[in-house]
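Chemist:
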Amino acid sequence: MRARRIKTIYTKELVEICRDHRTLIAMIVVPIVLYPLLILGSVNLLSIQDTERKIKTIRVAVEQDPNADENYQPNVAMLAGILSKVRNLTEAKRTEDNNEDIDQQIESIEKTKIIPVDNVQQAVADGAADAGIVFKLNEGGTRLYPQHLFEIAYDKAELHSESAMNRLASIFEALSRNSRDQYLANANIPDSVIEPIRIEPINVATPAKVGGMVLGTIIPLVLVLMTITGAIYPAIDLTAGERERGTLETLIVCPVPPMELITGKYLVVATIALLGAALNLLSVGMTLYFGGFTEMISSGETELPLEVLPIILVALIPFALLFSAVMVAVCSYARTFKEAQNYIMPVILAALIPGGVAALPGTDLTGVNTVIPVMNMVLLARELLLGNWDFGVIALVMISTTMYAATAVVVASRVFSTESVVFADSLSLRSLINRKLIHPAPRPTVSMALLIVAVLFPLWMFVQFAIQPGENESQLQTFSYTAILMPLFLVLAPIAVLAYFKISIAKTLSLRLPRVRFLAGAILIGIAAWIPAHELFVLQGSIITVPENILHGNTQLIEAFDGYTILFPLLLIAVVPALCEELFFRGTLLSGLRTGARKWTVILATACVFAVFHVMLIKFVLTFALGIILGLICWNSQSIIPSVLAHMLHNASAVLISFWPCYKNTLGIADRGELDHLPLHIILVGIAAVAIGLLLCRKPSEPIATALAQDASTAPAE
Amino acid sequence: MIIADDLRKSFPTPSGKPKNAVNGLSFRVAQGEIYGLLGPNGAGKTTTLRMLSGLMTPTGGRAIMNGKHVAADPAAVKHDIGFLTANTGLYQRLSPRELLAYFADLHGMDKRARQQRVEYLLDWLEMRPFADLRCGALSTGQRQRTSIARALIGDPVILIMDEPTLGLDVLSNRLILDFICRERDEGKTVLLSTHYLDEAETLCDKIGLLYNGQMLAEGTLQQLRDLSGEQRLSSIFLKLVGNVQIEKNGNTEELLHP
Chain C
10 MRARRIKTIY TKELVEICRD HRTLIAMIVV PIVLYPLLIL GSVNLLSIQD
60 TERKIKTIRV AVEQDPNADE NYQPNVAMLA GILSKVRNLT EAKRTEDNNE
110 DIDQQIESIE KTKIIPVDNV QQAVADGAAD AGIVFKLNEG GTRLYPQHLF
160 EIAYDKAELH SESAMNRLAS IFEALSRNSR DQYLANANIP DSVIEPIRIE
210 PINVATPAKV GGMVLGTIIP LVLVLMTITG AIYPAIDLTA GERERGTLET
260 LIVCPVPPME LITGKYLVVA TIALLGAALN LLSVGMTLYF GGFTEMISSG
310 ETELPLEVLP IILVALIPFA LLFSAVMVAV CSYARTFKEA QNYIMPVILA
360 ALIPGGVAAL PGTDLTGVNT VIPVMNMVLL ARELLLGNWD FGVIALVMIS
410 TTMYAATAVV VASRVFSTES VVFADSLSLR SLINRKLIHP APRPTVSMAL
460 LIVAVLFPLW MFVQFAIQPG ENESQLQTFS YTAILMPLFL VLAPIAVLAY
510 FKISIAKTLS LRLPRVRFLA GAILIGIAAW IPAHELFVLQ GSIITVPENI
560 LHGNTQLIEA FDGYTILFPL LLIAVVPALC EELFFRGTLL SGLRTGARKW
610 TVILATACVF AVFHVMLIKF VLTFALGIIL GLICWNSQSI IPSVLAHMLH
660 NASAVLISFW PCYKNTLGIA DRGELDHLPL HIILVGIAAV AIGLLLCRKP
710 SEPIATALAQ DASTAPAE
Chain W
315 MIIADDLRKS FPTPSGKPKN AVNGLSFRVA QGEIYGLLGP NGAGKTTTLR
365 MLSGLMTPTG GRAIMNGKHV AADPAAVKHD IGFLTANTGL YQRLSPRELL
415 AYFADLHGMD KRARQQRVEY LLDWLEMRPF ADLRCGALST GQRQRTSIAR
465 ALIGDPVILI MDEPTLGLDV LSNRLILDFI CRERDEGKTV LLSTHYLDEA
515 ETLCDKIGLL YNGQMLAEGT LQQLRDLSGE QRLSSIFLKL VGNVQIEKNG
565 NTEELLHP
């Protein structure tokens, strides 16, 4: 790819899209003007309504006595007396600190208008009063300690009526508390008789953490939504819009590879999405900070950790990259603006579901949640706002999101220039998925291979987390489940996809006999690779702390297979994983990538995905290095057999070292720990053996270019 | 030099039976020649041009452009050709000058070469009066001139034009035709498709009559006149199409390829 041409495309697209007032409105006007208006408006409205409800005079109906004197209604007098008494009680509580609260309470008591009526409930139902009271004196209790019943009639369908009821209830509760205290004092009974247990919650969260929690439920979802919204218009305009305006044909007739075209366009979409997200974040942050939001939600007991917002924006980059890529990929299928909008709606809904689930209380950033797109980003933003920094989890979120984004970009580039999508007369999208219309092909395309990986990755992660042993469970169960599920996910599922799309399974999985030298090389590498791998791990251990469970991995392994013959761990740890992983990584993935990229790009990319699938970050370097060697063997031998052999022997070495003490004794390493260097002579022998193995596997067995050219000539256009 | 050798293109259909848009088409265009592909709608003209320019992959046959196989190295072929599509789709929010500079960059031209080429085309196609207006505000003729300039920005040796004068007024039409002649006189190879038979009569050195994805007849105008006994190209075309329909089940080989 040429950076200069990508820059040309990027600049042109950015200039053109910035000249479109629709983009500017969506990107700038909405966050800068609309959000502050909406947030401040709603805060003010709530505040106004709250205040209004508090200080508004309430009309309270009481039953009038037809036989009583016109100037003296007993119920009116009783309520007035109660109000006066509660007012005095409230006034008595006044201190220097609570002046404002007391004033408000007194105002609330004073603004009560008493209306005598014939039927209290009818008056409230008709709206003649906000609430009504029926006094039922001496309903229970004793003569000395009577209990009265005050019925408050209110209309639950009316906000002001419910508010009036609450005000009256709080007044009567104050009166009731006062009477109770008097009763207790008269009877010389301590408080503890009524309230044997006092409950006093103590909040240990810092104000910043409380603020983080509040923001954590709002901001991530808003940001995700805004990023998605920001990407929609440019993604449609630059892909389906280009096609609809008739400029696509003129563009793809230029001597520019589709990958460069789509990368330039994709970067523009990502830029707009990120810029939109940044503006939204800035706008929301400023509005919350200056808009009195903190006071509204917590009476000042909360601090909003707004300084975390820029970090969240950085964390949002992979998400913006992912969603922009998904949008570009989806819109690339569409021929018109309208068609693209129809395609995008289900994508947005699909994104909102995990986003919404992530916003629910109780959902945390653990297990498979770390690799579910959208959900992991919403949860990560929340964790950052709460001040939780788990770098392992952050890395997993970032790597998985970046991997999905890369897949989406490759898919978009393939789709963008696909004949059936570019030209309406090439039958349309059905030719891409309708099996009847699919031409047989020797190998999957890059996009198909990456799509298989992108779909299988979260599923496999889910399986991995689901089969992790519990506290009292043996690891044997995990190994057994893995041995059963791995062939299903990494072998049978990809084969089913290949078969559906009429792709040669034998060629894709490189099922052919290799030359003997490759087998010899693979055996040497397989047997000896653990030695340089161990040394690499020890070196890494001197820089990064190795977790305890990794250090004691061998002990756990031996305990798990206690009582079984060594063949069992060999089958579960060496044979099955080596076979399945090789068929998937060096089979489906490597074969797909090699149709669209150069040797080392393919090998490195495959090794990277191989390492990511193993999840354990501490072993990333090791699995990555092993992936490179296995990829090289497979590429050069054009057969899966040597890499399966090398992988199997490598895993078997680990099993033998753990289960056969005599093996360690023979090598003279019986007393060495996991982070101890091996004796020098063993290191030298190990490195020499691997080097000879690589030399044996060095040269390709036949010109790869010819083989690929043959494949390309028979492969249908994607 | 353009060589189309037994070119075929079929599109899949929902029924599973492929639809043959181009069916064994062969012709050659010499350097410095204007070759006109003529035919009714659906004859396969546009599909042929798209296959020759590497936009579509043929399902059979081969295409060689300036000595390069289109299927083997479409990127190299794209360097040598300028392709004018049937619709005059332009970037609405760019000016013709910006648009030309953009395509010059995509062709890998350096800044100085780009500037020279853009200025040259602006002069030659009389585009200066509207060079800095947005393309969205241009008239049909101005848009077509911009499209042609875009196709020529890489200084291609082969010019492929799909309906270059479609929907143009007389003045714009004349300007474009003169321009095509000038390009031919400079040694460029021009392959164009058109519905306007009188235009093909005056412009093309050689004419290929397409019908149902096959070459009905080809040659110079005089050769076609001799073949059909008609003077006007439209009459020649109608007569040949009529013959094909009458002799649909017979042997038309001799008539089609004299």
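Here the protein sequences line up with chains C and W, keeping their order. Going left to right, the first sequence walks through residues 10 to 727 as this note's numbering numbers them. Going left to right, the second sequence walks through residues 315 to 572 as this note's numbering numbers them. Virtual Cβ for every residue (Gly too), placed ideally from N, Cα, C. Fair warning: this is a prediction, and the values are worked out from it, not measured in the lab.
1) Near D519 (chain W), which residues of its chain fall below 6 angstroms by C-beta distance, leaving aside the five closest residues on each side in sequence?
2) How many angstroms separate the CA atom of F181 (chain C) from the CA atom of F144 (chain C)?
3) Does the structure place the segment 396–408 of chain W close enough to the segment 471–483 of chain W that three or more beta carbon pairs sit under 8 angstroms?
4) Along the chain, where does the beta strand (DSSP E) containing I395 (chain W) start, and where does it finish?
5) Does K21 (chain C) get closer than 7 angstroms to chain W when you measure Cβ to Cβ?
6) Is the Cβ of E25 (chain C) closer than 7 angstroms to any Cβ of chain W?
7) Pair every Cβ in the segment 484–491 of chain C with every Cβ in the segment 576–590 of chain C, then say whether three or more of these pairs are closer than 8 angstroms.
8) Select from the segment 240–264 of chain C all residues with a C-beta closer than 7 angstroms to any C-beta belonging to chain W, and list them in chain order.
9) Residues of chain W with CB closer than 8 angstroms to the CB of T17 (chain C), please, in chain order.
10) Going by C-alpha distance, which of C:C263, C:D110, C:Y573, C:A655 is nearest A389 (chain W)?
11) Please confirm whether F444 (chain W) has its beta-carbon closer than 7 angstroms to some beta-carbon of chain C.
12) Classify A35 (chain C): buried if its beta carbon has 16 or more other beta carbons within 10 angstroms, exposed otherwise.
13) Under three-state DSSP, which class holds F325 (chain W)?
14) Going by DSSP, what residues sit across from F144 (chain C) in a beta bridge?
15) Can you find a C-beta in chain C that's less than 7 angstroms from the C-beta of N401 (chain W)?
16) Just checking: is the beta-carbon of L321 (chain W) within a distance shorter than 7 angstroms of some beta-carbon in chain C?
17) What does the alpha-carbon distance come out to for the pair L460 (chain C) and T675 (chain C)?
18) Name, please, each residue of chain W whose Cβ falls closer than 7 angstroms to the Cβ of R28 (chain C).
19) Between W:G368, W:G468, W:A451, W:W438, which lies nearest to R407 (chain W) when the distance is taken from Cα to Cα?
20) Just to confirm, are L322 (chain C) and L361 (chain C) a CB contact at a threshold of 7 angstroms?
21) Can you name the residues of chain W whose CB is closer than 8 angstroms to the CB of E428 (chain C)?
22) Apart from the five residues just before and just after S456 (chain C), which ones in its own chain have a Cβ nearer than 6 angstroms to its Cβ?
23) Look up K94 (chain C) in the DSSP assignment and say whether it is helix, strand or coil.
24) Below 6 angstroms CB to CB, which residues in the same chain sit around D373 (chain C) once its five sequence neighbours on both sides are set aside?
25) Given a cut-off of 7 angstroms on the beta-carbon distance, is the pair S542 (chain W) and K359 (chain W) in contact?
26) For S435 (chain C), count neighbouring Cβ atoms within 10 angstroms of its own Cβ and tell me buried if that reaches 16, exposed if not.
27) Is E581 (chain W) helix, strand or coil when you go by DSSP?
28) Considering only residues of the segment 371–457 of chain W, which uninterrupted alpha helix (DSSP H) runs meet the minimum length of 4 residues and lie entirely inside it, listed in chain order?
29) Just mark D74 (chain C) as buried or exposed, buried being the case when its beta carbon has 16 or more other beta carbons within 10 Å.
30) Can you give the Cα-Cα distance for A335 (chain W) and A529 (chain C), rounded to whole angstroms?
31) Does the beta carbon of A357 (chain W) come closer than 7 angstroms to any beta carbon on chain C?
32) Listed in chain order, which residues of the segment 486–514 of chain W have Cβ atoms closer than 9 angstroms to some Cβ of chain C?
33) Buried or exposed for D200 (chain C), going by 16 or more other Cβ atoms inside 10 Å?
34) Under 7 angstroms between C-beta atoms, does K331 (chain W) make it to chain C?
35) Reducing DSSP to helix, strand and coil, say where N84 (chain C) ends up.
36) Check whether chain C comes within 7 angstroms of F551 (chain W), counting only Cβ atoms and requiring the distance to be less than that.
Modeler: A quick look at the data gives this:
1) Indexing the second sequence from 1 puts residue 519 (chain W) at position 205. For D519 (chain W), where only same-chain residues beyond five positions count, the Cβ hits under 6 angstroms are E347, I348.
2) For the purposes of this step, residue 181 (chain C) is identified with residue 172 of the first sequence, where counting begins at 1. For the purposes of this step, residue 144 (chain C) is identified with residue 135 of the first sequence, where counting begins at 1. Roughly 12 angstroms between the two C-alpha positions.
3) yes
4) Your numbering for residue 395 (chain W) matches position 81 in the second sequence. 395–398 is the span of the beta strand (DSSP E), which, as asked, contains I395 (chain W).
5) Working through the first sequence from its first residue, we reach residue 21 (chain C) at position 12. Taking Cβ atoms only, chain W reaches closer than 7 angstroms to K21 (chain C), which makes this a yes.
6) Here residue 25 (chain C) corresponds to residue number 16 of the first sequence, with the count starting at 1. Yes, because at least one Cβ of chain W sits closer than 7 angstroms to the Cβ of E25 (chain C).
7) yes
8) R254, G255, T256, E258, T259, I261, V262, C263, P264
9) In the first sequence, residue 17 (chain C) corresponds to position 8, counting from 1. In chain order: Y416, D419, L420.
10) Taking the first residue of the second sequence as position 1, residue 389 (chain W) is located at position 75. Per the Cα distances, C:C263.
11) In the second sequence, counting from the first residue as 1, residue 444 (chain W) sits at position 130. No, because no Cβ of chain C sits closer than 7 angstroms to the Cβ of F444 (chain W).
12) Position 26 of the first sequence, counted from the first residue, corresponds to residue 35 (chain C). Label assigned to A35 (chain C): buried.
13) For the purposes of this step, residue 325 (chain W) is taken as residue 11 along the second sequence, with counting starting at 1. F325 (chain W) falls in the strand class under three-state DSSP.
14) Position 135 of the first sequence, counted from the start, is the residue given in the question as residue 144 (chain C). Beta-bridge pairing links F144 (chain C) to C:F159.
15) Position 87 of the second sequence holds residue 401 (chain W). By this cut-off, N401 (chain W) is an interface position.
16) Residue 321 (chain W) sits at position 7 when you count from the first residue of the second sequence. False, the Cβ-Cβ gap to chain C never drops below 7 angstroms.
17) Here the question's residue 460 (chain C) lines up with position 451 in the first sequence. Here the question's residue 675 (chain C) lines up with position 666 in the first sequence. Taking the straight line joining both Cα atoms gives about 47 angstroms.
18) As a position in the first sequence, residue 28 (chain C) is number 19, starting the count at 1. Residues of chain W passing the Cβ test: R407.
19) Taking the first residue of the second sequence as position 1, residue 407 (chain W) is located at position 93. It is W:A451.
20) Sequence index remark: in the first sequence, residue 322 (chain C) carries index 313 (1-based). Sequence index remark: in the first sequence, residue 361 (chain C) carries index 352 (1-based). Taking 7 angstroms as the Cβ cut-off, L322 (chain C) and L361 (chain C) do not qualify as a contacting pair.
21) The residue labelled residue 428 (chain C) in the question sits at position 419 within the first sequence. By Cβ distance, chain W contributes L369, M370, T371.
22) For the purposes of this step, residue 456 (chain C) is identified with residue 447 of the first sequence, where counting begins at 1. Cβ neighbours of S456 (chain C) beyond the five flanking positions: V419, V420, R423.
23) Sequence index remark: in the first sequence, residue 94 (chain C) carries index 85 (1-based). Three-state result, K94 (chain C): helix.
24) Here residue 373 (chain C) refers to the residue found at position 364 when the first sequence is read from its first residue. Excluding positions up to five away in sequence, the list is empty.
25) Here residue 542 (chain W) is taken as the residue at index 228 of the second sequence, counted from 1. Here residue 359 (chain W) is taken as the residue at index 45 of the second sequence, counted from 1. No. Outside cutoff.
26) Residue numbering aside, residue 435 (chain C) sits at position 426 when the first sequence is read from its first letter. In this prediction, S435 (chain C) scores a pLDDT of 47, lower than 50, which makes its location untrustworthy; the coordinate-derived value is nonetheless stated afterwards. Buried, by the Cβ-count rule.
27) With chain W running from 315 to 572 in the structure shown, residue 581 (chain W) is simply not present.
28) 388–394, 410–420, 425–438
29) As a first step, residue 74 (chain C) is located in the first sequence; it is residue number 65 there, counting from the start. It counts as exposed.
30) Position 21 of the second sequence, counted from the first residue, corresponds to residue 335 (chain W). Position 520 of the first sequence, counted from the first residue, corresponds to residue 529 (chain C). Using only the alpha carbons, I get a separation of about 54 angstroms.
31) Position 43 of the second sequence, counted from the start, is the residue given in the question as residue 357 (chain W). Judged by the 7 angstroms Cβ criterion, A357 (chain W) is not in contact with chain C.
32) none
33) Working through the first sequence from its first residue, we reach residue 200 (chain C) at position 191. Exposed, since its Cβ has fewer than 16 Cβ neighbours within 10 Å.
34) Residue mapping note: residue 331 (chain W) aligns to position 17 of the second sequence, counting from 1. Not one chain C Cβ lies under 7 angstroms of K331 (chain W).
35) One-based indexing of the first sequence puts residue 84 (chain C) at position 75. Three-state result, N84 (chain C): helix.
36) Walking along the second sequence from the start, residue 551 (chain W) turns up at place 237. Answer no: the Cβ-Cβ gap between F551 (chain W) and chain C never drops below 7 angstroms.
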